[in-house]
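See structure below.
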Amino acid sequence: MSLLTVSGLTQGFAEKTLYEDANFVLNKEDHMGVTGQNGVGKSTLIKILTGEILPDEGSVKWQNKLSVGYLDQYAKLTPGLTMRDFLKTAFDQLYQDEARLNQLYIDYSESGDESLLTKAGRLQTYLEENNFYDLDTEIDRVASGLGLAELGFGRDVSQLSGGQRSKLILAKLLLEQPQVLVLDEPTNYLDVGHIDWLVDYLNDFTGAFIVVSHDYDFLGRITNCIIDIDFGTITRYTGTLKQAMRQKEANRQTYMKAYANQQRQITKTEAYIRKNKAGTRAKSARSRQKQLDRMEILTPPQNGKKAKFDFPYVETASNLLLQTQDLVIGYDQALVKEAFNFSVGNGEKVAITGFNGIGKTTLLKTLLGQIPPIYGGFDLSATAKLAYFKQDLTWPNQNMTPLQYLESEFDQKKPKELRQALARMGLTAQLAMSPLKELSGGEQEKVKLAEMQFEPANLLFLDEPTNHLDNETKDSLRKAIVNFPGGVIIVSHERDFFRGDWVDKVVDIEAMNN
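The numbering of the sequence shown is my numbering, which starts it at 108 and goes up by one.
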């Protein structure tokens with residue numbers, strides 16, 4: 108029996124249909140991945156499945172009494188609660204049972220009622236069967252796997268960064284062990300080692316799960332079936348991600364041919380109707396019009412327009428753009444044991460690696476002058492011109508459209524130039540005029556990248572620029588970075604993004620802490 112049955116699902120956004128009359132199921136053994144380009148409705152689908160929004164049409168039916176756990180990255184964290192206390196809330200019911208057990212023993216000591224002892228024995232057995240006395244060990248295991256343990260279990264949850272907060276919420280969800288996991292971009296704030304741990308966890312997970320991720324390396328390692336959103340519908344594929352993508356491409360070619368043939372037939376028929384609707388063949392023309400009216404029109408293929416990145420370059424005569432000198436970073440105390448001593452030459456591409464929270468973003472902010480160094484320093488070339496991509500998707504006003512946002516940032520630019528920059532990122536005119544809060548994560552990221560088209564530089568600072576991007580867009584971004592004549596410092600947790608030999612240097616902060 109299916110755990111989830113989706114029937115006749117239709118959902119629109121503004122004037123765009125995301126999917127129409129879509130059907131799929133989730134079975135007990137399914138480790139399901141969700142794929143599709145930015146903006147096709149992957150996160151919207153997750154919100155529909157979890158009941159956060161209602162579909163325009165269709166039904167979503169979960170099996171009765173099924174526990175479904177959803178990664179809600181916006182869950183409320185109570186200030187004053189430690190990390191360990193928050194993780195222990197995953198086992199609230201068991202801790203309540205322990206309190207009942209203790210009360211039964213207290214009541215027995217006062218009354219001598221043997222029935223209380225019998226109840227206590229049953230409750231004791233239940234707690235043991237549910238590994239209650241090993242909960243701290245399990246909390247330590249999951250927290251360590253996701254890189255939380257090194258932050259300190261006594262840390263107040265209100266002191267956590269956005270990435271640390273997301274990891275804590277993910278850890279609690281995994282500890283709850285629901286029968287079905289629903290995860291939307293779970294790797295966004297995880298480094299390579301912690302992604303490896305999550306891969307092992309999910310492969311050993313005995314329940315079913317649905318995962319949205321733009322990290323295809325991660326998705327390919329954990330899934331045994333795929334649902335892909337394309338052409339306004341949802342298609343289910345059984346097998347590996349590579350097998351699904353091969354089948355999708357074959358389906359795409361078949362669909363494109365069918366669509367082209369149908370369009371030719373429609374054009375030919377409409378021409379016949381126009382020519383003959385008032386002549387001796389009017390009856391035949393009316394008959395063909397009826398055929399057209401009954402025809403099931405295929406959805407036009409998405410234009411598939413790839414984002415075209417072209418970071419504007421400012422000439423510099425300097426071969427050396429940046430040099431760190433015994434640089435120690437941090438806030439109240441040093442974040443990294445070893446001091447930084449590295450350089451970035453003109454044309455050099457430098458990758459910064461290390462687990463989340465180790466100091467990658469702090470390093471970038473220090474080099475940008477936003478945070479003072481604890482010790483040491485760095486020299487920037489007098490002709491260095493910097494541009495910075497921040498990983499967080501925050502806006503001055505989420506009700507602004509992408510076009511309005513760019514107009515507020517670059518009031519000297521003509522609206523036509525700004526629209527063209529958004530179009531080069533693959534954002535349609537409709538998306539350019541939609542509120543930022545209604546755009547997907549990938550579409551919002553493209554707005555930030557469009558902003559960089561008006562910031563000529565010779566040294567780029569890119570902090571997790573791939574978090575929400577689909578595979579095709581990531582490929583375009585990689586090419587733009589490689590082709591950029593200046594220096595680049597980039598942070599990314601996706602090892603697949605660094606494939607090839609285009610990275611000239613790697614600054615491994617983890618190794619500096621050993």
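Here a beta-carbon is modelled for each residue, glycine too, at the ideal position from N, C-alpha and C.
Cβ shell of residue i (< 7 Å), same chain only, five flanking positions each side left out
i	result
K392	It should be pointed out that residue 392 corresponds to Ala in this sequence rather than to Lys. Taken in chain order, the residues that qualify are Y379, I380, N383 and K384.
E127	T117, G339 and T340
N613	As written in the sequence, residue 613 is Val, which differs from the Asn given in the question. A458 and T460.
N506	P542 and K544
N504	none
D577	Q144, N145, H321 and G549
K135	L110 and A315
DSSP-derived helix/strand/coil call for residue i
i	result
K168	strand
K413	coil
Y296	coil
L178	coil
F325	helix
L173	coil
R388	coil
V319	strand
Y126	strand
L201	helix
D486	strand
V120	The residue you asked about is not Val; residue 120 is Phe in the sequence shown. It is a strand residue.
D499	coil
D311	helix
R606	coil
T345	strand
L556	helix
Other residues of its chain near residue i: CB distance less than 6 Å, five sequence neighbours each side excluded
i	result
A491	L428 and L566
Y177	T157 and V289
C332	D137, M139 and T345
L211	L223, K226 and A227
T317	The displayed chain sequence assigns Ile, not Thr, to residue 317. Taken in chain order, the residues that qualify are M139 and V289.
V141	K149, V319 and I334
Y215	L223 and L224
I246	L194
A494	M559, E562, A564 and L567
Member of the options whose CA lies at the smallest distance from the CA of residue i
i	options	result
L125	L133, F131, L116 and V132	L116
N145	L529, E552, G119 and L188	E552
K168	E579, L543 and T112	T112
Y366	D337, T387, L405 and L309	L405
V175	M402, L133, L576 and L267	L133
V421	G219, G549, E524 and F591	F591
Q180	E221, G270 and F120	G270
Q498	D322, Q369 and L569	L569
I596	E164, L470 and A182	L470
G442	P293, N621 and R602	Strictly speaking, residue 442 in this sequence is Leu, with Gly absent from that position. Checked all of P293, N621 and R602; the closest Cα to L442 is N621.
S114	F496, E164 and R371	E164
E283	D220, N358 and F312	F312
Q398	P408, D417, E377 and D337	E377
E562	T423, F517 and F120	F517
Q511	L529, R585, G476 and Y362	L529
K349	N209, Q369 and Y323	Y323
F496	P285, L584, A357 and K523	L584
Residues of its chain near residue i, where Cβ-Cβ distance is below 8 Å and the 5 sequence neighbours each way are ignored
i	result
T196	K279
F239	F198, L201, D204 and E205
G254	K274, L297, D298, G300, H301, F462, N463 and G464
G594	L428, L429, V451, G452, N453, G454, E455, K456, V457, N565, L566 and L567
I155	L116, Q118, L161, P162 and V167
L546	G146, P509, L538 and V554
I616	V443, I459, T460, G461, I465, G466, K467 and L470
N574	E292, N295, H321, Q498, G548 and E552
R395	T376, Y379 and I380
D337	G143, Q144, V147, K355, R359 and Q409
Identified DSSP bridge partners for residue i
i	result
F260	Paired residue(s): none; F260 is not in a bridge.
L549	For the record, residue 549 in the displayed sequence is Gly; it is not Leu. None, per the DSSP bridge assignment.
V457	I596 and K612
R381	BP columns for R381 are empty, so no partner.
L184	According to DSSP, which records beta bridges pairwise, L184 is partnered with nothing at all.
S114	S166
A564	Y420
V132	T112
T142	D335
F447	L434
T151	For T151, which the question treats as bridged, DSSP gives no partner whatsoever.
beta-carbon residue i near the ligand GTP non-hydrogen atom, thresh 7 Å
i	result
N448	The ligand GTP is absent from the structure shown, which contains no ligand whatsoever.
Residue-chain proximity (residue i, chain C), Cβ-Cβ < 8 Å
i	result
M540	Judged by its chain identifiers, the structure shown contains no chain C, having just a single protein chain.
Inset, instruction - Please confirm if the region 470-488 is in contact with the region 429-448, defined as three or more CB-CB distances below 8 Å between the two stretches. - result: yes
Inset, instruction - Mind the definition here: the region 148-155 touches the region 228-239 only if three or more C-beta pairs lie below 8 Å; say whether that holds. - result: no
Legend entry - the region 183-190 in contact with the region 259-270 per 3-pair CB rule at 8 Å: yes
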